[in-house]
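Protein chains in written order, with our numbering: chain A, 409 to 560; chain B, 409 to 560.
Glycine included, every Cβ here is placed at the ideal spot set by N, Cα and C.
All of these numbers come straight from a predicted model, not from anything done at the bench.
In what follows, a structure is listed as structure tokens, so that the remarks can point back to it.
Number of protein chains: 2
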Amino acid sequence: MKESVKIEGVIIQPLKQMADKRGSVLHMIKNDSNLFKQFGEIYFSEIHSGLVKAWKQHKKQSQNLAVPLGAIRLVIYDKRPNSNTHGRISEYILGRPEDYRLVHIPPMLWYGYQGIGDQTSLIANCTDLSHDPEEIESLSDDTRQIPYQWKT
Amino acid sequence: MKESVKIEGVIIQPLKQMADKRGSVLHMIKNDSNLFKQFGEIYFSEIHSGLVKAWKQHKKQSQNLAVPLGAIRLVIYDKRPNSNTHGRISEYILGRPEDYRLVHIPPMLWYGYQGIGDQTSLIANCTDLSHDPEEIESLSDDTRQIPYQWKT
Chain A
409 MKESVKIEGV IIQPLKQMAD KRGSVLHMIK NDSNLFKQFG EIYFSEIHSG LVKAWKQHKK
469 QSQNLAVPLG AIRLVIYDKR PNSNTHGRIS EYILGRPEDY RLVHIPPMLW YGYQGIGDQT
529 SLIANCTDLS HDPEEIESLS DDTRQIPYQW KT
Chain B
409 MKESVKIEGV IIQPLKQMAD KRGSVLHMIK NDSNLFKQFG EIYFSEIHSG LVKAWKQHKK
469 QSQNLAVPLG AIRLVIYDKR PNSNTHGRIS EYILGRPEDY RLVHIPPMLW YGYQGIGDQT
529 SLIANCTDLS HDPEEIESLS DDTRQIPYQW KT
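Written out as structure tokens, the structure reads:
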């Protein structure tokens with residue numbers, strides 16, 4: 409896995425893929441996982457090849473992301489003033505079949521992702537709180553407030 | 409939607425798809441849904457075009473299915489002796505973009521599905537109990553115990 413810098417509170421777990429000639433079965437998260445606190449919502453986000461969805465920050469909600477189709481470059485920026493990894497940026501490749509894993513993103517981190525590979529990718533997100541626009545901050549993908557340049 | 413016969417306890421809800429030029433956002437289930445009781449597990453199952461995964465019966469676990477990629481024919485058979493729809497078989501088409509919806513399958517029903525369309529499809533299942541092989545019964549897709557003939 410390409411992981412340039414570790415960020416405090418971000419947890420990555422391998423996920424099982426059970427091969428079957430009719431189609432694989434892919435784990436995501438169970439109620440006995442140490443990453444599961446409570447159930448907020450499960451939803452999906454498509455990202456077309458090469459395009460970017462960024463940046464988001466959740467004040468309260470934690471994200472649990474997996475990519476059951478295609479592949480993405482996930483980028484996380486730690487702007488938390490009291491974090492041991494304050495100021496760091498980390499890249500994670502998520503996708504099938506080599507990089508099928510769960511990434512837990514705690515609140516207050518900034519994150520975004522880019523579709524890589526040829527096809528549209530699908531991100532699944534299992535959160536611990538249901539959607540509340542009041543707890544979300546957004547910045548454009550080319551903001552100067554985050555020291556990262558998305559690849560073109 | 410193609411729905412040949414209604415089955416007691418099976419609930420179908422439309423799901424929102426929010427169009428975005430970078431890729432759609434697709435709802436599945438939230439903690440305030442009337443179909444959400446408690447969180448067991450979220451996992452995915454691929455099904456290749458034309459192939460069948462059938463039949464399964466859960467004694468305790470409820471299924472909440474959505475198909476964020478491709479399309480499937482879901483078939484449910486009601487063999488519950490005390491059901492008002494005992495003996496009935498119902499077909500449901502689930503998939504993108506026209507048939508994106510959530511199907512709730514209560515325990516004790518038999519179900520299976522077939523990939524339709526040209527591509528591999530992806531089924532997401534959000535259950536109310538985590539996986540327990542002890543509560544699952546299986547029959548082969550060509551069993552004579554279920555009066556259904558999968559299309560070839």
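Look at the Cβ atom of B/Arg509, then the Cβ atom of B/Pro422, and state whether they are nearer than 8 Å. Taking C-beta atoms as the reference points, B/Arg509 and B/Pro422 count as a pair closer than 8 Å.
Determine, using beta-carbon pairs with one atom in the region 425-444 of chain B and one in the region 519-538 of chain A, whether at least three such pairs fall under 8 Å. The region 425-444 of chain B is in contact with the region 519-538 of chain A.
Consider the Cβ of B/Asp507: report whether some Cβ of chain A lies at a distance smaller than 8 Å. With 8 Å as the cut-off, B/Asp507 does not count as an interface residue toward chain A.
Using the beta-carbon count (16 or more within 10 Å), is A/Asp486 buried or exposed? Burial call: buried.
For chain A, is any of its Cβ atoms less than 8 Å away from the one on B/Ser453? The beta-carbon of B/Ser453 is placed less than 8 Å from the nearest beta-carbon of chain A.
Indicate whether at least one CB of chain A lies closer than 8 Å to the CB of B/Arg481. Closer than 8 Å: no.
I need the DSSP call for A/Pro422, collapsed to helix, strand or coil. Taken through DSSP and simplified to helix, strand or coil, A/Pro422 comes out as strand.
Find the residues of chain A that neighbour B/Asn439, judging by a C-beta separation of less than 7 Å, and give them in chain order. In chain order: Phe447, Gly448, Glu449 and Ser538.
Using DSSP with H/G/I as helix, E/B as strand and the rest coil, what is B/Glu506? Note: B/Glu506 maps to coil in three-state DSSP.
What do you get for B/His539, buried or exposed, if any count of 16 or more other CB atoms within 10 angstroms of its CB means buried? It counts as exposed.
B/Pro514, DSSP secondary structure in three states: Residue state, collapsed to three classes: coil.
Cβ-based neighbour list, A/Glu411, same chain, cut-off 8 Å, excluding 5 preceding and 5 following: With a pLDDT of only 48 at A/Glu411, under the threshold of 50, the placement of this residue in the model should not be trusted; the figure read from the coordinates follows. The residues are Ile420, Ser498, Glu499 and Tyr500.
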